[in-house]
Structures are given as structure tokens and as C-alpha cells.
Amino acid sequence: MPSPLLTVARWEFFRYFKWKGEIFTLILILVLSGLSFGGKELISKFSSSKPIEIAVIDDLGVTLPEAGTSRFTWTRSNEADRATLMQRLADKDLGGILSIKDSTKSAITVFEKASWQDELQSSLNQLLLDKRLESAEISSADYYLLNQPVALEIQIHEQGNLPSSESEKLFVIIVLALMLLGVFMSFSYIFISVTSEKQMRVTEQVISAISPQTWIDGKLLGLTAMSLKSIITTAITAVLGIIVFAKLTNSPNYFAGFEGSIITFGLIGSFALAGLLFWNCFMVAIAAMVEDPNTSTKTPLMLLPVLAVSVAFFAISEPNNIVVQILSFLPITSMGVMPVRMVMGTVDMWQVIVSLLLLIVAVAWTRKFASKIFRLSMLMYGKEPQWREVWKWIRQS
Amino acid sequence: MSEAFLSVSNINKSFSNVKAVVDLSFEVHPGTIYALLGPNGAGKTTAVRMLLDIIRPDSGVIAYNKSSDGRSNPAKMGYLPEERGMYPDKSPLDSLVYLGMLRGMKKNDAKQEASKWLKRFDLADRENDKLQTLSKGNQQKVQLISSILHRPDFAILDEPFSGFDPVNQEKLIEIIHELSADGMTIVLSAHQMDLVERLADEILLLSRGTAVLQGKLKDVLNDASSAMKLSIDVAAINQQTLAGLSDICNYEIDDLAVDGNMRINFFLHDENNVGQLLKACTETMSIHNINTETIGLHRIYLDAVKKHKELVDA
């Protein structure tokens, strides 16, 4: 005999799993992640590598750099040649006509706006630097000395906390973003699944066949699996996208230097799973109370988990802060905050275990009260339960 | 008589200050069709939900005598709720297989049975279409199939005829008879008294949560069949004559007025002297029309509910 729990879980999972949609989403994530990390390099890679010729009409007599020192080649010209130069511009044979009035003012005439014009700014600064130093009566040597930053070497105490690397920071941001994605996906799946079943009056049919506990457990299992699937496929595709685009565009390896152990990954995965289950229980209970999704005042509560995970982003800057430490133990925030502490801060293993256990206990407790609310609310048509009633049910559960 | 399949003893259920079911007792015997009747809000749905263990009675006992623990076994029960609902974005076949599996069927068996029933209801070519593309009547068929797909021992069919045209109503009557003949015990709730009369073995009429009439249908009809309703339309009622006739039989003045006339309904039994009644009426009132009607379940239902309402209001 098939297990009703697995039957419900499979049904809920495949209600939202559509192959075409999955493939389209994965391609989109691949492209987006690639563009996010390697887009700039990609654009410059495909930009013309041909040197850009700049005609300089200059009243100051600046020394023009030799060809090959930047992507620009500089040719001295004068006002009398402007008409010819304008024609060359029109023929796209010339990049621009640069008129230098004095060491602080210049203008360039181009045929169209292009990305190389931003680079011209720094070349121009360099080009006019000598003239500007001369007018300010500062020698080149003094200038370079003044521009040297005061050396500050940070020496960490031998028992102190080593600073987080950029790759660790990137990893944590990706983890939190994936958790947010999971919570968002759960929100949409649960909200649609529960409220539509209630509105479509499927409830009685199902509840006469299986217990409300089996129904809610199957739902939680199926929809959490769907959210996890979204997290995992997004993570794999995004990382793949970053790596592939980085290779294609010779971008830096963003994950260089990141060292993560299997235990760390396993624990972060456990926090993600337990946290999702915790919030999914909460969302099932709230969704069951909603009579009409368009007018219900309870709908905004479904966004509470997003807020709870978002708090973890603030923990990134100071992972060892006392408030962050407290938040890492609270089941409503530990899903996101503890992984941040694990990767970026210092945390003893016992703290991680205690936090995870607290979260698991919270899952069990939330499941219990959620199923009570679910059972009573799903058969309540035409009105929503009052908070007073809900509180009574929670106390009874 | 065989042991009852289902025994309900003195169940009560209240919601806040509303008494939904009051001291209700009845028995349903194996293989019979038991009709649960009553006007809207009479407590039928609450009673059905208690039978299905969806809600618990405040007091009283519901016992399924074939079950070891006396409780309902979902795998052996079928339910067609009054509040219809399926998954509109799913196909009839997928929905039926899912609901069949929830009732303990194996996937292949559920698929096979679902296809068979869909064919019987002329929906074989629509089995993979989305439910939302089916007409209301066809969706109703799918819903009905879901309640009997797993060949339950006991089925509760709440308003099974709702949404069906006369042709499909006949088909459904045939199927219900067939299932009953196969040994399925059926509790039926419907508002079409003529159809209930053709199906039910026993009836229970609820009004305001209380049983106001119950028993074997043939006994209920026998009690009433010896009665006849004689309706007389008169221009004006002679109260003195009516007072004199109250010794002969029961009567009521109908609210129904035709062409400005008043209608008096006399409820006559074999022992009543019709001649004396007609003589008294013709002598004292101007009669425009006389009509006779055998009393059926519809009339019995209305009278019983009306009497109960008057009793409670008094």
C-alpha cells in the first residue's frame, strides 16, 4: 500500500515541478550569474581591440605619450585641420578630437558615446598631470610622496581572529541569497498550494481520506523538497555560470582562497533545511487561516521569514558582535546568522550544535501547533479565525 | 436483521451557541441506502463530518461495527462532499489516481479503475485534459468517481445529483443501485425527493439538528399512502364550516391563492367521510376547483419540517 505521506509529498512536489520551466529557469540563472560576475570583462573582450586615435588640439604644448603605452594613440593637430578631422570622425576613421584649453579644461568631440571614453578620463589626467603640477609649483617627486598612503600594517594577535577573505564574504552572501530564495519559493508554493486548496474546497475530500497531520506533513515534505531543489539547482547553476564566464573572460577566480570543509557545508545545509522546515510550518499555518488572499490581513505575515533571513546580512560586517551571537541561537534567525558566524567569525562547535538543536526543537513544536491551526482553519469557510482563537488552539496543541 | 454497519447513539454537536446536531441516533445496515434529508442548515453536513471523523461530537457515540476499534477506516470509505472541489490545473486521471492512492489504492489499480469509470461516464477522451476545461457536469462526474473509485464498503454521497442533467441522473441512479447490490452501504443526502424515493431503503429527516422523521422508506410512505390531500379552491372561507369539519379531518389553509381564491387542504385517511366533507363545503362555500393528490415523500418532508418548526417556535 502506498504511503499517504509520500503520496502527498510527491503530489505537492510535482504540482509545481515542470520540466520546461525548470530548464528555462536554469538557463536564465546561468546567464545572469555569468553576466553578474563576468559581464564587464565580456563586454570589453568583445569590444574592438584596435587602438583608438585621438587628435589633440592643444594650446599648452603637452607632451603626448608614445603609441603603445595605452589603448589610445595621440596625434597632434590644430584648429585649421578641424574640418578634415570632422570628416574623419564621420568616416569613423578617428576616435575623437580632443581640445585642451588649459590644464583643467578640455573637450572631446566624438561620433557616438562609447565605453572607451570613460578610460580616456584617466589617460587625460595623466596627460595633463605635469602641466598641472607645474602651474601649482609642485615637483613630481613631492607629488608622488604626498600621494603615498601612510603605511598601516595590521598584525593579528596569535590567539586572535583572522580576518575574513573576500571569497568567504562572497560565499556567505551566496548562501544567504540562496536561503532567501528558498524562503521566497516556499512562500509562493505554500501560499498557492494551501489557499487554493481551501478556495477550491478540496479540503474535505482529502481530510476524509487521510489525517490532517499526514496531509500537512506531506505538504511540508513536498514543498520543502521543491524549495531545496530550487536552492540546489540555483547554487550549482550560478557557481557553474560564474566559473564558466570567468574562464571565458579571464576574470579573477572569485572563490580563490576559500577553504570550506565537508562539515561546514553539512552544517550549513542542516541549518538551511531545518530553517526552511521551521518557516514552512509557520507559513502553512498562516496560509490555512487565509480565507481570501486578496483581502486577508494575515497575508503580510507570510513575509516574516524573509525579514528573519535578511537580518543575517547585517551580521556579515561584525560576525562576532554580541547581538549577532544572540541572534545565532534564536530559531527565528539562526538559519542565516549561524552560518555567517561559522564562515566569517569565530564560533565553537558546541555553540553550533546547541543552535541547531534549538532550531530542530522549534521545528517539532511549530509543526505541532501548525497542524492544529491547519486542521481547524482548513474547514473554516467564509471567515478567518480570530487571533484569540488561534492562541487558544496553540495552547491546546 | 443483520448487525448495523454504523450505529450512531445520541450525538450532539454545538458551534458557539448554535446547536448543530441534537441527540441524534440512527443505524445504517450493510448494503442499504440510507437517505439523510433536511432543509439547508438542518445539520446534515455536521452529521456527515462527524461520521467521517473530520470533527468529533461533543457527546454521544459513533461506532462502525465492522471496524475493530469502532472508528471509520478511510480506505474503506468514500465521500462525495457537498462542497465540491478538485484540482483545476490537473487532469481527471491524475486527480483520480491521487485521491485513489490517498485511499490506499496502488497507482496502477487506481489508474485502471479511473479509466474504467471515466469511460463509463463518457469521459474517456477527456481523461488527460485539465479539469478546468471540463463542463460543470463533467467535473461533477469526476468528483463522484473519486468517491467510489476504491470500491469502499461505505460511501457518503452528499447531493450526488447536483449539476447532473436528467440523463446523467438516471445513469447515477443505476450506478448507485448497482453499488448497493454489490454490498456497498450508502448514506445519501439529496434534495430531489422523487429521486430519493427511488433509491432509499431508510430515511432520516433532520430539522434544526433534530431527527423529526426516521424509519424505513416503505413504512414512512405506507403511513402516508393511506392519506390523500384534497384541495378545494373557494371564493371565501366559511370559518364556521371549517370549525365543524375539524372533527372529521385535519386541514390547513394554504397560502397559495389562485385567481383571488383561497385554498383549503384537507388531509384525509380511509376512515374519513369524504362525502360528508364535500357536502358541508358545497353547501356553505362557492367551490371553484377541486384537486386530489397522493402524499409522497416531498409532501411528507415539507409537513414534517413545518410541524417541527411550529413546535420549536411555539
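These protein sequences, in sequence, are chains A and B.
Under this note's numbering, residue 397 is the last one in the first sequence; the count climbs by one each step, no gaps.
Under this note's numbering, residue 1314 is the last one in the second sequence; the count climbs by one each step, no gaps.
We treat Cβ as the ideally placed atom computed from N, Cα and C, and that holds for glycine.
Predicted, not measured: the structure shown is a model, and the values here were computed from it.
- Boundaries of the beta strand (DSSP E) around B:F1026: V1018 to V1028.
- Restricted to the region 1073-1102 of chain B, the alpha helix (DSSP H) segments that are unbroken, complete and at least 4 residues in length are 1092-1102, listed in chain order.
- Taking C-beta atoms as the reference points, B:Q1139 and B:L1149 fail to come closer than 9 Å.
- Short of 7 Å from the beta carbon of A:A308, and not among the five residues preceding or following it, lie these beta carbons of its own chain, in chain order: I332 and T333.
- For B:P1074, at least one C-beta of chain A is nearer than 9 Å to its own C-beta.
- Comparing C-alpha distances from A:G275 to each of A:Q325, A:V361, A:K198 and A:L379 shows the shortest one belongs to A:V361.
- DSSP lists A:I54 as the bridge partner or partners of A:W74.
- Taking a 10 Å sphere around the C-beta of A:S106, we find 16 or more other C-beta atoms and assign the residue as buried.
- In this structure, DSSP gives B:F1267 an extended state, which the three-state scheme calls strand.
- Note on the region 97-154 of chain A: whole beta strand (DSSP E) runs with a minimum of 3 residues are 105-110, in chain order.
- In the structure shown, the three-state DSSP call for A:E318 is coil.
- DSSP places B:M1228 inside the beta strand (DSSP E), whose first and last residues are M1228 to V1234.
- When DSSP assignments are scanned along the region 1114-1151 of chain B, the uninterrupted stretches of alpha helix (DSSP H) that are 4 or more residues long and fall wholly within it turn out to be 1136-1148.
- Looking at the DSSP output, B:K1216 sits in a beta bridge with B:E1202.
- In summary, the residues of the region 1035-1068 of chain B whose CB is separated from some CB of chain A by less than 7 Å are L1052 and I1054, in the order they occur in the chain.
- At a cut-off of 9 Å, the C-beta of A:P4 has a neighbouring C-beta in chain B.
- B:D1201 and A:K20 have their alpha carbons spaced roughly 54 Å apart.
- Of the other Cβ atoms in all chains shown, fewer than 16 fall within 10 Å of the Cβ of A:A90; this residue is therefore exposed.
- The beta-carbon distance between A:M185 and A:S230, rounded to whole angstroms, is 5 Å. This is short enough to meet the 8 Å contact definition.
- About 12 Å separates the CB atoms of B:A1020 and B:G1038; that is not less than 8 Å, and the two are not in contact.
- For the region 203-220 of chain A, residues whose beta-carbon sits nearer than 8 Å to a beta-carbon of chain B comprise T203, E204, Q205, V206, I207, S208, A209 and I210.
- Exclusion of the five residues before and after B:L1221 leaves E1197, G1296, L1297 and I1300 as the residues of its chain whose Cβ lies within less than 8 Å of its Cβ.
- Considering only A:L60, A:I322 and A:Q396, the residue with the shortest C-alpha distance to A:F369 is A:Q396.
- Secondary structure at A:F329: coil, using DSSP grouped into helix, strand and coil.
- In this chain, the beta strand (DSSP E) harbouring B:D1158 covers F1154 to D1158.
- Taking the beta carbon of B:S1180 as reference, no residue of chain A falls within 9 Å; the closest one sits roughly 20 Å away.
- Interface annotation, A:M200: in contact with chain B, CB-CB separation under 9 Å.
- Interface annotation for the region 1207-1223 of chain B against chain A: empty, criterion Cβ-Cβ distance under 7 Å.
- When C-alpha distances from B:N1012 are compared across B:G1041, B:R1056 and B:I1290, the shortest belongs to B:R1056.
- DSSP places A:V175 in the helix class (H, G or I) of the three-state scheme.
- A check of alpha carbon separations from B:L1230 across B:D1219, B:L1213 and B:Y1251 identifies B:Y1251 as the nearest.
- The alpha-carbon of A:L26 is positioned some 39 Å away from that of B:I1145.
- Shortest Cα-Cα distance from A:L277 to any of A:M380, A:K383, A:S122 and A:A364 involves A:A364.
- The CB of A:W11 comes closer than 8 Å to the CB of Y1098 in chain B, given here in chain order.
- When Cβ-Cβ separations below 9 Å define contact, A:V194 makes no contact with chain B.
- Boundaries of the alpha helix (DSSP H) harbouring A:L277: I262 to M289, taken from the DSSP string.
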